[in-house]
Amino acid sequence: MATAAGTRVTAAAADRTRRIDAALLAAGALLIRVPALVADRFLTYDDGVFGSSALLLRDGELPFRDIFSPQGPLFLPLVWLADLVGLRTENAPRLLPLAAGAAVTVATYAAGRHLTTRHGALLAAGLVATSGSVLWATAPITSDGPALALAT
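According to my numbering, the sequence shown is numbered sequentially starting from 4.
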């Protein structure tokens, strides 16, 4: 009995540690993307185009019928959803890449926990969260960030 109870406590403590780690990593990933979220200018050409697409979606235009997009069929509905969650504010569509950056970071941590130690998983997730290529894909509005998050 003592061993079984000790195992439950250990498993519960490990689960709690995983949740705390994931929450802190997500918060860190969100924090380093805040400047992109609140930027008053378009960050890239695509950021401007997809920001304009979000404005058209607000006006009731339909993806792929009224709005051309070379991205996959899920991208513009995700932009619309991020715009809705952001209460249709000026930078609301940028919530999509912000969430994608946090999701990629936490998914990397979760995969790392299965493959290596806690410290290895934290290192991998930290590197992904701060990597220039991932920041480039998950700061402005692009389809690369959400695609990366869904693939991870």
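A virtual CB, placed ideally from N, CA and C, is assigned to each residue, including glycine. Values in this document were obtained by computation on a predicted structure and should not be read as measured data.
Asked	Found
Assigned exposure category for residue 2 - 16 Cβ within 10 Å defines buried	Outside the displayed span of the chain (4 to 155) sits residue 2, for which this structure offers no information.
Beta-carbon spacing of residue 57, residue 96 below 8 Å	yes
Close-in-space but distant-in-sequence residues of the same chain around residue 86 (CB under 7 Å, 5 per side omitted)	57, 60, 61, 95 and 96
Contact under 8 Å by Cβ, residue 104 with residue 47	no
Run of the alpha helix (DSSP H) containing residue 133, from where it starts to where it stops	121–133
Contact the stretch 118–129 vs the stretch 61–74: 3+ CB pairs below 8 Å	no
Per-residue burial, residue 17 [other beta carbons within 10 Å of its own, 16 or more giving buried]	exposed
Straight-line Cα distance separating residue 123 from residue 116	8 Å
Contacting residues, own chain, Cβ-Cβ under 6 Å from residue 66 (five flanking each side not counted)	79
Reference residue 112, options 15, 21, 14 and 146, closest by Cα	21
Proximity below 8 Å, CB of residue 145 to CB of residue 69	no
C-beta atoms of residue 29 and residue 108 nearer than 8 Å	yes
Backbone secondary structure at residue 38 - three-state DSSP	helix
Reduced DSSP secondary structure (H/G/I, E/B, other) of residue 100	helix
Residue 144 in three-state terms, based on DSSP	coil
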